[in-house]
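Residue numbering for the sequence shown follows the UniProt record's numbering, beginning at 1 and increasing consecutively.
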Amino acid sequence: MSSDRNEKLTERALGVYKETFAESTIKDTSDDFPRFAFSELTLGKRLGEGGFGVVSEVLAFDISAHENSHRPQETGVEVEKKDEEEDPDFQGRKFIADHCIRNDSGARYAIKILKQSLVDKADDNLMVKALADMAVETHILSAIEHPNIVKLRGVSQQGRYHPQYFIVMDRLYDTLEKRIEAWAKVFPKPPPMPKKNPPSKRDSTSSTRSTSSRASKLGCIFGRKSSQEFDDDEKEEQEDTVEMNPVTIESSPSNLEKKKKLLEERLVACFDLASAIAYLHERNIIYRDTKPENCAFDVRGDIKLFDFGTAKELPPQNAKRDLTFNLTGMTGSLPWMAPEVAKSDPYNHKVDVFSFAVLLWQIMALEMPFKEYESDLRLFWEEVHNGPHKRPQIPRQGWPKPIELCMRRGWAKEPSERMEMSQIENILRKEIIRVRKGDEAGLRHDRRRSTFVFRR
1 MSSDRNEKLT ERALGVYKET FAESTIKDTS DDFPRFAFSE LTLGKRLGEG
51 GFGVVSEVLA FDISAHENSH RPQETGVEVE KKDEEEDPDF QGRKFIADHC
101 IRNDSGARYA IKILKQSLVD KADDNLMVKA LADMAVETHI LSAIEHPNIV
151 KLRGVSQQGR YHPQYFIVMD RLYDTLEKRI EAWAKVFPKP PPMPKKNPPS
201 KRDSTSSTRS TSSRASKLGC IFGRKSSQEF DDDEKEEQED TVEMNPVTIE
251 SSPSNLEKKK KLLEERLVAC FDLASAIAYL HERNIIYRDT KPENCAFDVR
301 GDIKLFDFGT AKELPPQNAK RDLTFNLTGM TGSLPWMAPE VAKSDPYNHK
351 VDVFSFAVLL WQIMALEMPF KEYESDLRLF WEEVHNGPHK RPQIPRQGWP
401 KPIELCMRRG WAKEPSERME MSQIENILRK EIIRVRKGDE AGLRHDRRRS
451 TFVFRR
């Protein structure tokens, strides 16, 4: 990229960034984080990519060459060395470099950087949006800290609007999308009973399509590409499909215990995400792209919300909680997008509540929402965002009533009728305690163990 073009893109992206935070009360603290040159990184596996960025694990940070170049040379006169223990810049970089690899589970960190194919394109408008999104994500991640939001660990030494600018974050593993697939395999749904002939092997395979294949089809008509696909190049273990008797599954004590644990695991993931979004809302931030591909699990199995490029701080007057604002429409991903966003109407933080309600249904049903519209965007628009305002079907029996309430009150047509995320968080917490028969362990996020973040 020519320096002249880069200057113009920087100026435009900076303008978008300044407009985004014109009335902001969120302090950008990214200057307090360790800084690294791209040449100091040894990258490993490419973990995934989104519309603008690519994420790769970091195998090593080689800070020795850079540090040695800044140390005084020995002469005949004694030279006083700077005390490294009191140098926050050096200590921050050393902390990250020393903790880059876990003893038992590989890389601890990952970087997000713009895709080279995007940088090489002559699409200045797209590049401006990508640069601005990275700047917004850096600003917001530097200012927030929650055990279920991915942590910023470091930033690039390059300017924030340089095409090689990157951020260092925690390395995450399987996405919620993949975890939903795994949950669905625990008790696979039996294929529908044929009217005449028994199902062939081909029919059986077709009836048990994975969630990801449906998601990819939805992605074709619903627009935005999946933000992350972690570890797609790893071969998944193939398991033989065993035909099960639903009655046996229900009546077996061991299977009942499995179902209980599966329910608890899903509820905890939902509770943690609800807590993260409620935390953002308390700080007047809306996320705007809640979906399985933007949630992933760390090495300890804790779910994290990531990809904050579309996050937005609402004006201060949102403290009244009932005002709406003229914000960018069609932001996010259609299956989880609130109608007011899809129609570019004024909106507020309740759009996140709608998205979460659809995600909650998906986690409980272990199915892609609105899959019946996967080949007909026009019908989806007419029946979901307009007209009858159809929503995913809630089964008459099988789900706890408080969970159903969160869905119905979360995806209500009118934003004013939707619950607050803090209310949903509280309901989910109580439901987990009920399932656990009174055990509240790990449900206080203000007391949860969180890994140390080095700042100046």
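Backbone N, C-alpha and C define an ideal beta-carbon position, used for all residues, glycine too. Computed from a predicted model, the values in this text were never measured in an experiment.
Margin query: Any contact between the stretch 139-155 and the stretch 123-131? By contact I mean 3 or more CB pairs, one from each, below 8 Å.
Written below: no
Item checked: Cβ-Cβ separation, Ser254 to residue 483 (assumed contact under 8 Å), whole Å -> Not covered by the structure: residue 483. The range shown for the chain is 1 to 456.
Next item on the list: Note down the Cα distance separating Phe370 from Phe380, rounded to an integer number of angstroms.
Entry: 8 Å
Next item on the list: Consult DSSP for Gly92 and reduce its assignment to one of helix, strand or coil.
Entry: Helix.
Check: Are there three or more Cβ pairs, one per stretch, closer than 8 Å when the stretch 40-57 is compared with the stretch 337-346?
Finding: Contact between the stretch 40-57 and the stretch 337-346 is absent: fewer than three C-beta pairs spanning the two stretches fall below 8 Å.
Check: Below 8 Å between beta carbons: does that hold for Ala107 and Glu57?
Finding: yes
Notebook entry, point to check: Where does the unbroken alpha helix (DSSP H) through Ser254 begin, and where does it stop?
Noted result: 253-282
Next item on the list: Could you name the residues of the same chain whose beta carbon sits closer than 7 Å to that of Asn348, not counting the 5 residues immediately before and after it, in chain order?
Entry: Leu314, Asn318, Leu323, Thr324, Phe325, Pro415
Next item on the list: Would you list the one or two residues that DSSP bridges to Cys295?
Entry: For Cys295, DSSP records a beta bridge to Leu305.
Notebook entry, point to check: Does the stretch 286-300 touch the stretch 174-183, meaning 3 or more C-beta pairs lie closer than 8 Å?
Noted result: yes
Item checked: Which residues DSSP lists as bridging Phe61, in chain order -> Leu41
Check: Per DSSP, Arg102 forms a beta bridge with which residues?
Finding: In the DSSP assignment, the residues bridged to Arg102 are Gly106.
Item checked: Other residues of its chain near residue 521: CB distance less than 7 Å, five sequence neighbours each side excluded -> Since the first residue of the chain shown is 1 and the last is 456, residue 521 is not available in this structure.
Checklist line | alpha helix (DSSP H) segments (min. 4 residues) lying fully within the stretch 146-194 | finding: You should have 176-186.
Checklist line | For Lys112, the residue or residues it bridges with in DSSP | finding: Val55, Ile167
Checklist line | Cβ distance (whole Å) where Phe33 is taken to contact Ile113 below 8 Å | finding: About 16 Å; that fails the 8 Å criterion.
Checklist line | Cβ neighbour criterion (16 or more within 10 Å) applied to Pro72 | finding: Reliability fails at Pro72, whose pLDDT of 43 lies under 50, so the model's placement of it is uncertain and the value that follows must be treated cautiously. Answer is exposed; the Cβ neighbour count stays below 16.
Item checked: C-alpha gap between Glu386 and Arg378, whole angstroms -> Per the sequence presented here, residue 386 reads as Asn, with Glu not at that position. The straight-line gap separating the alpha-carbon atoms of Asn386 and Arg378 is approximately 11 Å.
Check: Between the C-alpha atoms of Ile277 and Met421, what's the straight-line distance to the nearest angstrom?
Finding: 7 Å
Note to self: Considering Cα atoms alone, identify which of Ala269, Ser30, Ala37 is closest to Arg300.
What the structure shows: Nearest of Ala269, Ser30, Ala37 to Arg300, Cα basis: Ala269.
Checklist line | Exposed unless 16 or more other CB atoms sit within 10 angstroms - verdict on Met368 | finding: For Met368, the number of other beta carbons within 10 angstroms of its own is at least 16, and it is reported as buried.
Item checked: Cβ neighbours of Thr310 in the same chain (closer than 6 Å, five flanking residues each side left out) -> Hits under 6 Å: Arg288, Asp289, Thr331.
Notebook entry, point to check: In chain order, what residues of the same chain have a beta carbon less than 6 Å from the beta carbon of Arg102, not counting five sequence neighbours either side?
Noted result: Arg108
Notebook entry, point to check: Where Pro346 and Leu256 are concerned, what is the direct C-alpha to C-alpha distance, given to the nearest angstrom?
Noted result: 46 Å
Checklist line | Tyr279 and Val136 closer than 8 Å at C-beta | finding: Going by C-beta atoms, Tyr279 is not nearer than 8 Å to Val136.
Notebook entry, point to check: When DSSP builds the beta bridges, which residues end up paired with Gly15?
Noted result: None; Gly15 has no bridge partner.
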